Amino acid sequence: MSASNDSADEEFLHRLGASTPHAMTASDGDGEPAEAAAAVPTEPAEPAGADQRVAFSPDSADTGPIVIGRGGGAHRAANQPAPPQRRYRPPDRIEQVSGTNGAPGWAAAAHQRAARPGPQAPVWNASGPAPASHWGVEASRVSELRRDRKIPSSRGWRKWLYKASFHSINVGESADETELRQLIAAIKKPIMGSHSVTVVGGKGGAGKTTLTCAVASVFADIRKKDLVLAADTDPAQAANLPDRVAPDASATFADLLGEHSARRNDLSGYVGQNTESGLDVLAGPGRTGASAALDSATYTQAHQRLEQFYKLLFTDTGVFLDHPVMAGVLERSNALVLVASAVPGGLSGAWTALNWLEHAGYERLLPRMVLVINHIRADRRKGRKETAQLVAAMKDKFGTRIRQDRIFELHFDSHISEDGVLDLTSLAPRTYRELLKIAAGIAGGFGADGRR
8 MSASNDSADE EFLHRLGAST PHAMTASDGD GEPAEAAAAV PTEPAEPAGA
58 DQRVAFSPDS ADTGPIVIGR GGGAHRAANQ PAPPQRRYRP PDRIEQVSGT
108 NGAPGWAAAA HQRAARPGPQ APVWNASGPA PASHWGVEAS RVSELRRDRK
158 IPSSRGWRKW LYKASFHSIN VGESADETEL RQLIAAIKKP IMGSHSVTVV
208 GGKGGAGKTT LTCAVASVFA DIRKKDLVLA ADTDPAQAAN LPDRVAPDAS
258 ATFADLLGEH SARRNDLSGY VGQNTESGLD VLAGPGRTGA SAALDSATYT
308 QAHQRLEQFY KLLFTDTGVF LDHPVMAGVL ERSNALVLVA SAVPGGLSGA
358 WTALNWLEHA GYERLLPRMV LVINHIRADR RKGRKETAQL VAAMKDKFGT
408 RIRQDRIFEL HFDSHISEDG VLDLTSLAPR TYRELLKIAA GIAGGFGADG
458 RR
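Each residue of the sequence shown is one higher than the last, beginning at 8 in my numbering.
1. Rounded to a whole number of angstroms, what is the C-alpha to C-alpha distance between residue 283 and residue 318?
2. Taking contact to mean at least 3 C-beta pairs separated by less than 8 Å, is the stretch 215–235 in contact with the stretch 317–332?
3. For residue 346, which option in 378, 334, 436, 306 has the closest C-alpha, if you only look at C-alpha atoms?
4. Return the CA-CA distance between residue 186 and residue 157, expressed in angstroms with no decimal places.
5. Please report the distance separating the alpha-carbon of residue 411 from that of residue 402.
6. Ends of the beta strand (DSSP E) at residue 288?
7. Just to confirm, are residue 204 and residue 344 a CB contact at a threshold of 8 Å?
8. Does any residue of chain D have a CB that is nearer than 8 Å to the CB of residue 203?
9. Are the stretch 192–203 and the stretch 229–239 touching by the rule of at least three beta carbon pairs closer than 8 Å?
10. Could you tell me which of 364, 189, 387 sits nearest to residue 181, measuring between CA atoms?
11. Among 422, 275, 242, whose alpha-carbon lies nearest the alpha-carbon of residue 235?
12. Rounded to the nearest angstrom, what separates residue 286 and residue 358 at their Cα positions?
13. Thinking residue 215 and residue 207 are a contact (beta carbons under 8 Å), I'd like their distance in whole angstroms, please.
14. Is it the case that the Cβ atoms of residue 380 and residue 342 are separated by a distance below 8 Å?
15. Can you tell me which of 439, 366, 404 puts its alpha carbon nearest to the alpha carbon of residue 420?
16. Could you spell out where the alpha helix (DSSP H) holding residue 377 opens and where it closes?
17. With distances taken between CB atoms, is the gap from residue 254 to residue 292 smaller than 8 Å?
18. May I have the straight-line CA-CA distance separating residue 170 from residue 177, to the nearest angstrom?
19. Can you have a look at residue 249 and say buried or exposed, based on whether 16 or more other CB atoms are within 10 angstroms of its CB?
20. Within the continuous alpha helix (DSSP H) that includes residue 260, where are the two ends?
21. Could you tell me the alpha carbon to alpha carbon distance between residue 266 and residue 307, rounded to whole angstroms?
22. Out of 385, 414, 352, state which residue places its alpha-carbon closest to the alpha-carbon of residue 422.
23. State the Cα-Cα distance for the pair residue 332 and residue 260, rounded to the nearest angstrom.
24. Taking only three categories from DSSP, how would you classify residue 423?
25. Can you grab the Cα-Cα spacing for the pair residue 387 / residue 371, in whole Å?
26. So residue 372 is in the alpha helix (DSSP H); what residue range does that whole segment cover?
27. With C-beta atoms as the reference, is residue 437 less than 8 Å away from residue 418?
28. Output needed for residue 356: all residues of its chain with C-beta closer than 6 Å, excluding positions within five of it in sequence on either side, in chain order.
29. Would you call residue 199 buried or exposed, if buried means 16 or more other Cβ atoms sit within 10 Å of its Cβ?
30. In or out: residue 213 buried (at least 16 other Cβ within 10 Å) or exposed?
31. Taking DSSP as the reference, what is the three-state secondary structure of residue 434?
32. First and last residue of the alpha helix (DSSP H) that includes residue 405?
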């Protein structure tokens with residue numbers, strides 16, 4: 008009976024891959040297995056008959072602990088309590104266990120497999136930038152996905168192609184159209200309050216009056232919703248600003264101050280208006296010969312009344328910057344236009360005026376200053392090279408004190424050189440474009456004094 012039981016135990020333990028009871032060495036009289044044999048299991052072997060299907064039945068299932076017999080393999084009594092199970096504690100360091108023929112055992116191999124480093128998972132740092140995609144695909148920005156809408160052309164073959172294709176072919180504006188649209192947008196920039204622009208020159212004959220009329224007419228023509236006024240403060244008898252805008256205008260600053268009411272309809276009787284451009288004009292003291300009537304206080308009082316109605320006020324000045332009226336004119340100015348004629352003496356005269364403005368305490372106006380190099384006469388073929396060299400020298404010299412993008416050139420135009428009312432539609436296309444650039448440069452200085 009004992010032999011049959013031992014045979015059954017050996018077969019059962021063999022299926023589990025454990026050592027037979029006879030291979031175990033008792034450490035004491037109670038038959039406890041040696042600690043070394045229990046601590047180091049051997050590599051499991053393939054159980055015999057593993058490829059055979061064993062029918063499962065509830066009676067054959069053994070869910071209890073494996074009972075090891077005493078001493079020579081005898082079974083422990085069924086009612087005898089099992090010995091306490093030793094709780095496994097992994098060693099701090101696993102030594103390599105030799106297997107069959109000196110090869111590493113299965114325990115050491117499993118430990119080596121577990122210790123082998125695998126692919127590291129990415130570490131996401133919330134405080135730093137997100138890592139690049141592993142697939143090399145970057146998210147496109149919204150601006151790259153959205154197709155910019157082209158503005159249809161308003162002239163030339165681009166316009167007719169757009170219309171003939173029933174708006175299906177839109178090649179957009181030309182570079183010239185884009186520049187024109189941007190210049191007009193700069194001139195029409197919204198502003199708050201009234202702004203005063205003063206035009207000065209280094210010497211007589213530089214073209215201050217003509218430029219004042221031309222630039223003010225451009226503003227009045229483009230900013231149709233805003234009232235624009237050009238005022239003449241030149242005390243000379245030859246002052247002719249009203250002749251270029253509205254020849255019938257004869258009222259002066261003193262006449263304006265004589266009107267106690269401050270309504271726009273009442274002012275219309277004192278200013279002349281150009282019906283084409285919409286520019287208003289106020290004559291100077293030279294119109295009536297009362298040169299002594301205009302001083303700084305008179306100009307300041309009249310200016311305070313005019314700025315209640317006009318969005319833009321352009322003031323044409325005389326030759327002498329130290330005239331009594333100039334203190335009031337420059338004090339009320341928000342922007343400055345310096346005119347230099349493109350002749351040998353034009354550079355020195357404008358440079359002297361620039362120095363005077365700086366030393367007289369008006370350096371605040373220099374960042375908002377626009378320099379216009381005015382061609383007051385037609386260049387002969389032989390003199391074009393000399394004029395070009397002179398203009399280049401003026402740009403280089405003034406560029407040390409004025410930004411290059413605020414230095415402009417106005418070429419000679421036959422209509423401007425003529426007497427009479429200035430008509431913007433009669434100007435050469437190049438001249439009109441240059442006036443637009445000058446006006447846009449002036450408008451760029453609006454708001455530089457803290458106002459918009």
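Where is the CB? At the ideal position from N, CA and C, for every residue including glycine. Note that this is a predicted model, so its numbers are computed, not measured.
Looking at the coordinates:
1. Here residue 283 refers to the residue found at position 276 when the sequence shown is read from its first residue. Here residue 318 refers to the residue found at position 311 when the sequence shown is read from its first residue. So the alpha carbons of these two residues sit roughly 19 Å apart.
2. yes
3. Residue 346 sits at position 339 when you count from the first residue of the sequence shown. Comparing Cα positions, the closest option is 378.
4. To locate residue 186, count along the sequence shown from 1; it is residue 179. To locate residue 157, count along the sequence shown from 1; it is residue 150. About 15 Å.
5. Stepping through the sequence shown from its first residue, residue 411 is reached at position 404. Stepping through the sequence shown from its first residue, residue 402 is reached at position 395. Cα to Cα, residue 411 sits roughly 8 Å from residue 402.
6. Here residue 288 is taken as the residue at index 281 of the sequence shown, counted from 1. Its beta strand (DSSP E) spans residues 287–289.
7. By one-based count along the sequence shown, residue 204 stands at place 197. By one-based count along the sequence shown, residue 344 stands at place 337. Contact flag set, yes.
8. In the displayed structure, chain D is absent; only one protein chain is listed.
9. yes
10. Within the sequence shown, residue 181 is the residue found at index 174, counting from 1. When only C-alpha atoms are compared, the closest one is 189.
11. In the sequence shown, residue 235 corresponds to position 228, counting from 1. Comparing Cα positions, the closest option is 275.
12. Here residue 286 refers to the residue found at position 279 when the sequence shown is read from its first residue. Here residue 358 refers to the residue found at position 351 when the sequence shown is read from its first residue. Cα to Cα, residue 286 sits roughly 31 Å from residue 358.
13. Position 208 of the sequence shown holds residue 215. Position 200 of the sequence shown holds residue 207. At roughly 7 Å, the Cβ-Cβ gap stays under 8 Å, so residue 215 and residue 207 are in contact.
14. By 1-based counting over the sequence shown, the position of residue 380 is 373. By 1-based counting over the sequence shown, the position of residue 342 is 335. No, the pair does not count as a contact, with Cβ atoms beyond the cut-off.
15. Taking the first residue of the sequence shown as position 1, residue 420 is located at position 413. Out of 439, 366, 404, 439 has the C-alpha closest to the C-alpha of residue 420.
16. Within the sequence shown, numbered from 1, the residue matching residue 377 stands at position 370. First-last for residue 377: 376–381, but that is the beta strand (DSSP E), not the alpha helix (DSSP H).
17. Indexing the sequence shown from 1 puts residue 254 at position 247. Indexing the sequence shown from 1 puts residue 292 at position 285. The answer is no: Cβ separation not under 8 Å.
18. Taking the sequence shown and counting its residues from 1, one reaches residue 170 at position 163. Taking the sequence shown and counting its residues from 1, one reaches residue 177 at position 170. Taking the straight line joining both Cα atoms gives about 9 Å.
19. Your numbering for residue 249 matches position 242 in the sequence shown. Classification for residue 249: buried.
20. Taking the sequence shown and counting its residues from 1, one reaches residue 260 at position 253. Counting along the chain, the alpha helix (DSSP H) containing residue 260 begins and ends at 260–265.
21. Here the question's residue 266 lines up with position 259 in the sequence shown. Here the question's residue 307 lines up with position 300 in the sequence shown. C-alpha separation (whole angstroms): 15 Å.
22. For the purposes of this step, residue 422 is taken as the residue at position 415 of the sequence shown. Nearest of 385, 414, 352 to residue 422, Cα basis: 385.
23. Taking the first residue of the sequence shown as position 1, residue 332 is located at position 325. Taking the first residue of the sequence shown as position 1, residue 260 is located at position 253. The alpha-carbon atoms of residue 332 and residue 260 are separated by roughly 12 Å.
24. Along the sequence shown, one-based indexing puts residue 423 at 416. Residue state, collapsed to three classes: helix.
25. Stepping through the sequence shown from its first residue, residue 387 is reached at position 380. Stepping through the sequence shown from its first residue, residue 371 is reached at position 364. Computed Cα separation, rounded: 40 Å.
26. On the sequence shown, residue 372 is found 365 positions in, with the first residue counted as 1. Counting along the chain, residue 372 falls outside any alpha helix (DSSP H), and DSSP gives it neither H nor E.
27. The sequence position of residue 437 within the sequence shown is 430, counting from 1. The sequence position of residue 418 within the sequence shown is 411, counting from 1. Against a cut-off of 8 Å, the Cβ pair of residue 418 and residue 437 comes out as a contact.
28. Start at 1 with the first residue of the sequence shown, and residue 356 comes out as number 349. Closer than 6 Å at Cβ, skipping near neighbours: 209, 210.
29. For the purposes of this step, residue 199 is taken as the residue at position 192 of the sequence shown. Exposed: under 16 other Cβ atoms inside 10 Å.
30. As a first step, residue 213 is located in the sequence shown; it is residue number 206 there, counting from the start. Buried.
31. For the purposes of this step, residue 434 is taken as residue 427 along the sequence shown, with counting starting at 1. Residue state, collapsed to three classes: coil.
32. Mapped onto the sequence shown, residue 405 falls at position 398. It spans 391–405 - the alpha helix (DSSP H) in which residue 405 sits, taken as one unbroken run.
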